[in-house]
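Working notes, structure below.
Chains as they are written, first to last, in the numbering used here: chain S, 50 to 256; chain R, 44 to 175.
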């Protein structure tokens, strides 16, 4: 926090030294707009990262990195570009983490004395059952979520990404293509195949 | 809930509803961490990492000027008359190094003949006195 506070001061001073009060106001307005944008996407972004990485803390790190990168490098861009940019950054971060994890897994597999120290200890509070009684609807939704997340986890990464960006985030084909860094035709193909696979997987399941 | 035997759009709608439900149920700890991350990001607006050379732009002008003057003075300083002892000292130092590194000098030290050098010194003193 202090790091950013000290960095923010010269920025403001620079604006004031030019006698351009509007610049500071504009920066504040942009910060507010960015805050609003990030608040709107953070939960869905976390869910997408969690589905891809299957690890809560890694997903949080990926989302945080994507937020910072967007704020530092692209906050000056038009607000309508933020969403595809943000998901593009997030996707790159997820891919980096997956690669690093793969490399680490290979290295650890060669170690003679590998233990379980890398495994996170389960949080007893998180593991504790909720004291509130679970209604039947809740149970059905839990089962539906679990089944869908398992099926999504088995999809190839690009299909998974296309499906989540289109279905959960609600991006159109063009924005999804921008976020995925591919053509609109590729998005349609990935999305169609994802739907086919999910339907085949969840065909007998109640959604 | 409906079985997934409906048309494609129905499937998508149901999937979205399920996913949105799972998003709505993200726990408080995660929401808190996301909120913190967002605050950090918002504070970081406009603080993009600059290239190393851009750091000079943030240095106070006086410090930059002083550093430049000092650098110019050191670079263009002409050797003056009273610097000659230093230069001589450098030459002497080089000669000392030659003597120390010389193999003959090492032999001289190893084969130390005290009485001979005392006699030679006496001879030198005697010659100097007789010359004067």
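Built from N, CA and C at the ideal position, the CB exists for glycine as well.
As the structure is a computational prediction, the values presented were derived from the model and not from experiment.
- Note on geometry: alpha-carbon atoms of residue 145 (chain S) and residue 83 (chain R) lie some 22 Å from one another.
- The continuous alpha helix (DSSP H) containing residue 239 (chain S) extends over residues 233-251.
- Counted as a single uninterrupted DSSP element, the stretch harbouring residue 213 (chain S) is not any alpha helix (DSSP H), since DSSP gives it neither H nor E.
- Contacts between residue 107 (chain R) and chain S, judged by CB atoms closer than 8 Å, are missing: the closest CB pair is about 16 Å apart.
- Annotation for residue 119 (chain R): the continuous alpha helix (DSSP H) segment containing it runs 104-119.
- For residue 104 (chain R), no CB of chain S lies under 9 Å from its own CB, so it is not counted at the interface with that chain.
- In the DSSP assignment, residue 114 (chain S) falls within the alpha helix (DSSP H) that extends over 105-123.
- In the displayed model, residue 68 (chain R) falls within coil according to three-state DSSP, outside both helix and strand.
- In the displayed model, residue 221 (chain S) falls within coil according to three-state DSSP, outside both helix and strand.
- Taking the C-beta atoms as reference points, residue 85 (chain R) is found nearer than 9 Å to residue 87 (chain S).
- About 13 Å separates the beta carbons of residue 224 (chain S) and residue 232 (chain S), which is beyond the 8 Å limit, so they are not a contact pair.
- Taken through DSSP and simplified to helix, strand or coil, residue 58 (chain R) comes out as helix.
- In the displayed model, residue 79 (chain S) falls within a helix according to three-state DSSP.
- Contact check for residue 102 (chain S) against residue 108 (chain S) passes: the beta carbons are separated by less than 9 Å.
- Within a 10 Å sphere around the beta-carbon of residue 208 (chain S) sit 16 or more other beta-carbons, which makes this residue buried.
- Chain-order list of chain R residues neighbouring residue 217 (chain S): 59, 62, 63 and 66, by C-beta distance under 8 Å.
- Interface criterion met: the Cβ of residue 113 (chain S) is under 9 Å from a Cβ in chain R.
- Remark: C-beta atoms of residue 213 (chain S) and residue 100 (chain S) approach each other more closely than 9 Å.
- Cβ atoms of residue 61 (chain R) and residue 197 (chain S) come within 8 Å of each other, at about 5 Å.
- Scanning its chain for C-beta atoms nearer than 7 Å, with the 5 sequence neighbours on each side dropped, one finds around residue 143 (chain S) the residues 98, 101, 102 and 111, in chain order.
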